[in-house]
Amino acid sequence: MEKNKVNMVAAPEGHVGEGFFATKLDQVVGLARANSLWPLPFATSCCGIEFMATMASHYDLARFGSERVSFSPRQADMLLVMGTISKKMAPILRQVYEQMSEPRWVIAVGACASSGGIFDTYSVLQGIDKVIPVDVYVPGCPPRPEQIVDGVMQLQELVKSESQRRRHSAEYKELLASYNIE
Amino acid sequence: MQQFKMGKVTLPADHRYYKYIEERHNEDGSELAILNLGPTHPATHGIFQNILLMDGERILDAEPTIGYIHRAFEKIAENRPFYQITPLTDRMNYCSSPINNMAWWMTLEKLLDIEVPKRAQYLRVIVMELARITDHLICNSILGVDTGAYTGFLYVFQFREKVYEIYEEICGARLTTNMGRIGGFERDWSPRAFELLDTFLKDFPVAWKEFEDLFTRNRIFIDRTVNVGAITPEMALDYGFTGPNLRAAGVDYDVRVAQPYSSYEDFEFNVPVGKSGDTYDRFCVRNAEVWESLSIIRQALDKMPEGNVFHADVPDYYLPPKEDVYHNMEALIYHFKIVMGEVPVPVAEVYQPVEGGNGELGFYLITDGSRTPYRLHFRRPSFIYYQAYPEMIKGAMLSDAIVILSSLNVIAGELDA
Amino acid sequence: MALESVDIQNKLQETFGDHVKYFRTEYDMFVLEADVDVVYNVIKFLKEEPSLNFSFLTDLCGVHYPDSNLNEQFCVVYHLHNWYENKRIRVKTFLNGTNPEVKSIVSLFNCANWMERETFDFYGINFDGHPNLVRILNMDEMTSFPMRKEFPMEDSGRTDKDDRFFGRTINNATI
Amino acid sequence: MQNSQIDFIPILMQVLLAVGFVALTIFGSSLLGPKRSSANKDKSFECGIESVGNARIPFSVKYFLVAILFVLFDVEVIFMYPWAVNFKEMGAEGLIKMGIFMVLLLIGFFYVIKKKALVWE
Numbered sequence: 053m054e055k056n057k058v059n060m061v062a063a064p065e066g067h068v069g070e071g072f073f074a075t076k077l078d079q080v081v082g083l084a085r086a087n088s089l090w091p092l093p094f095a096t097s098c099c100g101i102e103f104m105a106t107m108a109s110h111y112d113l114a115r116f117g118s119e120r121v122s123f124s125p126r127q128a129d130m131l132l133v134m135g136t137i138s139k140k141m142a143p144i145l146r147q148v149y150e151q152m153s154e155p156r157w158v159i160a161v162g163a164c165a166s167s168g169g170i171f172d173t174y175s176v177l178q179g180i181d182k183v184i185p186v187d188v189y190v191p192g193c194p195p196r197p198e199q200i201v202d203g204v205m206q207l208q209e210l211v212k213s214e215s216q217r218r219r220h221s222a223e224y225k226e227l228l229a230s231y232n233i234e
Numbered sequence: 040m041q042q043f044k045m046g047k048v049t050l051p052a053d054h055r056y057y058k059y060i061e062e063r064h065n066e067d068g069s070e071l072a073i074l075n076l077g078p079t080h081p082a083t084h085g086i087f088q089n090i091l092l093m094d095g096e097r098i099l100d101a102e103p104t105i106g107y108i109h110r111a112f113e114k115i116a117e118n119r120p121f122y123q124i125t126p127l128t129d130r131m132n133y134c135s136s137p138i139n140n141m142a143w144w145m146t147l148e149k150l151l152d153i154e155v156p157k158r159a160q161y162l163r164v165i166v167m168e169l170a171r172i173t174d175h176l177i178c179n180s181i182l183g184v185d186t187g188a189y190t191g192f193l194y195v196f197q198f199r200e201k202v203y204e205i206y207e208e209i210c211g212a213r214l215t216t217n218m219g220r221i222g223g224f225e226r227d228w229s230p231r232a233f234e235l236l237d238t239f240l241k242d243f244p245v246a247w248k249e250f251e252d253l254f255t256r257n258r259i260f261i262d263r264t265v266n267v268g269a270i271t272p273e274m275a276l277d278y279g280f281t282g283p284n285l286r287a288a289g290v291d292y293d294v295r296v297a298q299p300y301s302s303y304e305d306f307e308f309n310v311p312v313g314k315s316g317d318t319y320d321r322f323c324v325r326n327a328e329v330w331e332s333l334s335i336i337r338q339a340l341d342k343m344p345e346g347n348v349f350h351a352d353v354p355d356y357y358l359p360p361k362e363d364v365y366h367n368m369e370a371l372i373y374h375f376k377i378v379m380g381e382v383p384v385p386v387a388e389v390y391q392p393v394e395g396g397n398g399e400l401g402f403y404l405i406t407d408g409s410r411t412p413y414r415l416h417f418r419r420p421s422f423i424y425y426q427a428y429p430e431m432i433k434g435a436m437l438s439d440a441i442v443i444l445s446s447l448n449v450i451a452g453e454l455d456a
Numbered sequence: 476m477a478l479e480s481v482d483i484q485n486k487l488q489e490t491f492g493d494h495v496k497y498f499r500t501e502y503d504m505f506v507l508e509a510d511v512d513v514v515y516n517v518i519k520f521l522k523e524e525p526s527l528n529f530s531f532l533t534d535l536c537g538v539h540y541p542d543s544n545l546n547e548q549f550c551v552v553y554h555l556h557n558w559y560e561n562k563r564i565r566v567k568t569f570l571n572g573t574n575p576e577v578k579s580i581v582s583l584f585n586c587a588n589w590m591e592r593e594t595f596d597f598y599g600i601n602f603d604g605h606p607n608l609v610r611i612l613n614m615d616e617m618t619s620f621p622m623r624k625e626f627p628m629e630d631s632g633r634t635d636k637d638d639r640f641f642g643r644t645i646n647n648a649t650i
Numbered sequence: 011m012q013n014s015q016i017d018f019i020p021i022l023m024q025v026l027l028a029v030g031f032v033a034l035t036i037f038g039s040s041l042l043g044p045k046r047s048s049a050n051k052d053k054s055f056e057c058g059i060e061s062v063g064n065a066r067i068p069f070s071v072k073y074f075l076v077a078i079l080f081v082l083f084d085v086e087v088i089f090m091y092p093w094a095v096n097f098k099e100m101g102a103e104g105l106i107k108m109g110i111f112m113v114l115l116l117i118g119f120f121y122v123i124k125k126k127a128l129v130w131e
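Residue numbers (this note's numbering), protein chains in the order written: chain A, 53 to 234; chain B, 40 to 456; chain C, 476 to 650; chain D, 11 to 131.
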């Protein structure tokens, strides 16, 4: 997914004719999904405050279509796991992930969510990919708001290019089975 | 894929509310409800769970469960040399992390009785008061969000970005600052930091005045916060309250005044005290404290001693600058000894209290002469005063419980350190 | 009249005799040690005695000394603060190693409730008389006490950390 | 098709467009969106904790009272819309009629306040 410099949400490639434009269904659905990702801010510690900075007026994640923050997993598309996830918190994170409606994506924001970060201790879950499948990892402790926005943009590229049949494909089922999420 | 053993998280059968689930009738036929103000809840602004026993809208009893981001700071601190513990301290109360860092450095300076030069002390006072402003700024604007006024948050958060820029000039990081060294700072403040500080001091008071006018005389805000979650001074003292929550109850205890550290005695500032200890008083005390902090910063800037010394001359604790290390032998030896942690540390116990964003933040350090502390205990104000939360919301409405929680400014990082 | 450490010491010694010992001043903090069975009364005395009036419990924490002799392996440290005279005091009491036990001071200070639960959670020190002595910060299913010196810090379930690079295996030659 | 019926066609188009858009999006998204239902997913969301007990419990009557009062005054406001739109044509006489209507409801409101129905004792 090459990164074009200034993209005013470039139209997907397709056949342009006299007064009509034809493209693949995946592209259209992907474009719609990519620009309306509703985040579920699973903010536990310091990265949560950086997320507040990202949502505030200066860095404004709303420019990427994530204006409406949904705290219930039912209407959330993208689970932003920000901050340290302890072992006591793991079942809750997993429950929230399972109750999210498909299609769902996960961004592990910050070193603690991606790999346990500097807290290699008995009480911290060493990376949320031990519990739920993760799509994008954002490094940093805490990552700057630009990095969080860059993580969301990476996810938008993923969403744009996701095919309709991915969620029913064998690899996806096997990935979920490896986490024994049925 | 190594699978993580999963425990079931549910209300245990022997829980004292369990009997309410079966037979729980009320005189008007309605039933007591059990509501779980759980870990992932938008209103709790942190990760703690309260199981509320409620009769309709009124709360009869609450039971908090914490520890959802317990990261064993004290265990890590026992395995790290002294100068590597500062990244832990600023992840405790991450809304005002420079205060924690400076508190840790002051504990070490007290242990090794190092005399920090006046100018470095003044610089520390400025950065601590900036951190206090940002801490109160977040707490009051989130209290506004909880009573329905979202603009206050967006409007005032802009100035937290300005303070982030000042932090970046001083130590390169925005939130988890990891600032300072034993004896002072790692580098002198660049002129740009002072410029940013001056522009901040010029246009923040205007914005803060408007923020204050937005709330203090606002009819809805007054209805939602006046005598909500009121605490008496005796109850506050009994539950170990310190800081703005205690001063709102009418007790004027402030560590900066009771036990002045880092030359706080050179500045005159008065300690705002509330009357009735309710949420409105907590809001007003934090507002007034921001004005006090601004005046302290101005006084510190005026009385700043000349010259550009920014750290004490203690070579065997203070990392020598890199160019010295390459050129002369002693600096190389000192550098090596400090980095390998072979610094001479006495066998002693020391307790250093500091006025943090939420109250008295204390570092109790026991050393046994080795390169790591033998035991380091953090007196975390959020952990201590959060015990009073069930007591404060008994009989309150559910919407009041949310407002009380955000007025207490409980920071989850400090709660479960 | 400033409350001097000397007259605190005299008052305590005349009421508790030699159960209270090793008075000393460390870094502007007056420190004393009390025996286990008498520590509750010492703190009660410090709190209620009108002339001493240490009415604020600043902090309570546990310390583990594995290599000191058996009946001094655990230590509970109380920090009290007298706000009128602005005087701080640290009361230490040593507990026996096999089943550390001390009387809970929740009846004196409500804020000791969670502090004692945290100390129990970390060290397994039993505070009898505590209304609800249950783990507070760690998972409830956890059986061992993590802050004891012999408990390893790292997460045991970790597989990607190669011990050789952390100097844990003596001879790095064999894998 | 008399010409009087013809002017109703735009309204029909408008209704069809509105209903059509709603039906299309709902039907389309249910068609396009992948569905994955599992026992754990269908449980009620309780902030991540296993929910205990049954949520269908008889609520206290105060909730119902507050809801009905809201609906009552809400309907009153709906009556004001047509009045406000052609406020000019109805002139003073319309104003008086609506004034009486509002005063009657105001008396009802005072009754509610006097009986402390809204105070959540």
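Ideal placement from N, C-alpha and C gives every residue a C-beta, glycine not left out. Keep in mind that this is a model prediction, so the values were computed, not measured.
Same chain, Cβ closer than 7 Å to residue i, neighbours up to 5 away in sequence not counted
| i | result |
| --- | --- |
| Arg180 of chain B | In the sequence as displayed, the identity of residue 180 of chain B is Ser instead of Arg. Excluding positions up to five away in sequence, the list reads Gly191, Phe192, Val195 and Phe196. |
| Leu612 of chain C | Glu593 and Asp596 |
| Glu547 of chain C | Tyr540 and Phe569 |
Cutoff 8 Å: residue i Cβ touching any chain B Cβ
| i | result |
| --- | --- |
| Pro621 of chain C | yes |
| Arg217 of chain A | no |
| Thr500 of chain C | no |
| Leu532 of chain C | yes |
| Met612 of chain C | The question names Met, yet the displayed sequence has Leu at residue 612 of chain C. Cβ-Cβ to chain B under 8 Å: yes for Leu612 of chain C. |
Cutoff 8 Å: residue i Cβ touching any chain C Cβ
| i | result |
| --- | --- |
| Gln147 of chain A | no |
| Gly85 of chain B | no |
| Gln206 of chain A | no |
| Met40 of chain B | At Met40 of chain B the pLDDT is 36, less than 50, meaning the model places this residue with poor confidence; the figure from the coordinates comes in the next sentence. Not an interface residue. |
Min CB distance residue i to chain A below 8 Å
| i | result |
| --- | --- |
| Ser14 of chain D | no |
| Glu593 of chain C | no |
| Arg46 of chain D | yes |
| Ser438 of chain B | no |
| Phe43 of chain B | Caution applies to Phe43 of chain B, whose pLDDT of 49 falls short of 50 and renders its modelled position unreliable; the value that the coordinates give is listed next. With 8 Å as the cut-off, Phe43 of chain B counts as an interface residue toward chain A. |
| Ile117 of chain D | no |
| Cys134 of chain B | yes |
| Met476 of chain C | Reliability of the predicted coordinates at Met476 of chain C is poor, the pLDDT of 49 falling under 50, and the value obtained from them is presented with this limitation in mind. Answer no: the Cβ-Cβ gap between Met476 of chain C and chain A never drops below 8 Å. |
| Leu42 of chain D | yes |
Neighbourhood of residue i by C-beta distance below 6 Å, restricted to the same chain and skipping five residues each side
| i | result |
| --- | --- |
| Asn347 of chain B | Asp227 |
| Val166 of chain B | Pro137 |
| Gln391 of chain B | Met145, Thr146, Lys149 and Phe402 |
| Gly572 of chain C | Leu545 and Gln548 |
| Ala339 of chain B | Tyr161, Val164 and Ile165 |
CB contact check: residue i to chain D, cutoff 8 Å
| i | result |
| --- | --- |
| Pro78 of chain B | yes |
Cβ shell of residue i (< 8 Å), same chain only, five flanking positions each side left out
| i | result |
| --- | --- |
| Asp291 of chain B | Val310 and Val312 |
| Glu207 of chain B | Arg213 |
| Arg610 of chain C | Arg592, Phe595, Asp596 and Met617 |
Rounded Cβ spacing between residue i and residue j (contact assumed at less than 8 Å)
| i | j | result |
| --- | --- | --- |
| Asn266 of chain B | Ser315 of chain B | 6 Å |
| Ala111 of chain B | Thr173 of chain A | 4 Å |
| Thr186 of chain B | Ile259 of chain B | 7 Å |
| Leu415 of chain B | Glu113 of chain B | 6 Å |
| Ile159 of chain A | Met205 of chain A | Ile159 of chain A to Met205 of chain A, Cβ: 11 Å. No contact. |
Where are the beta strand (DSSP E) runs, 3 residues long or more, that stay fully inside the stretch 70 to 99 of chain A, in chain order?
Every beta strand (DSSP E) of 3 residues or more that sits fully in the stretch 70 to 99 of chain A is shown, in chain order, as 72 to 74 and 91 to 95.
Could I get the ranges of all uninterrupted alpha helix (DSSP H) runs contained in the stretch 154 to 237 of chain B, with 4 residues as the minimum, in chain order?
Correct list: 157 to 185 and 189 to 210.
Alpha helix (DSSP H) runs contained entirely in the stretch 128 to 194 of chain A, provided each spans 4 or more residues
Within the stretch 128 to 194 of chain A, the alpha helix (DSSP H) runs of at least 4 residues that lie entirely inside it are, in chain order, 142 to 150 and 163 to 167.
Length-filtered (3 minimum) beta strand (DSSP E) runs lying within the stretch 503 to 556 of chain C
Taken in chain order, the complete beta strand (DSSP E) segments of 3 or more residues contained in the stretch 503 to 556 of chain C are 504 to 509 and 531 to 539.
Output needed in chain order: residues of the stretch 122 to 152 of chain A with a Cβ under 8 Å from some Cβ in chain D.
For the stretch 122 to 152 of chain A, which is checked against every Cβ of chain D, the residues closer than 8 Å are Ser124, Pro125, Arg126, Pro143, Ile144, Leu145, Gln147, Val148, Glu150 and Gln151.
Taking beta-carbon pairs under 8 Å, can you tell me which members of the stretch 75 to 90 of chain A lie near chain C?
Under the 8 Å Cβ criterion, the stretch 75 to 90 of chain A contributes no residue.
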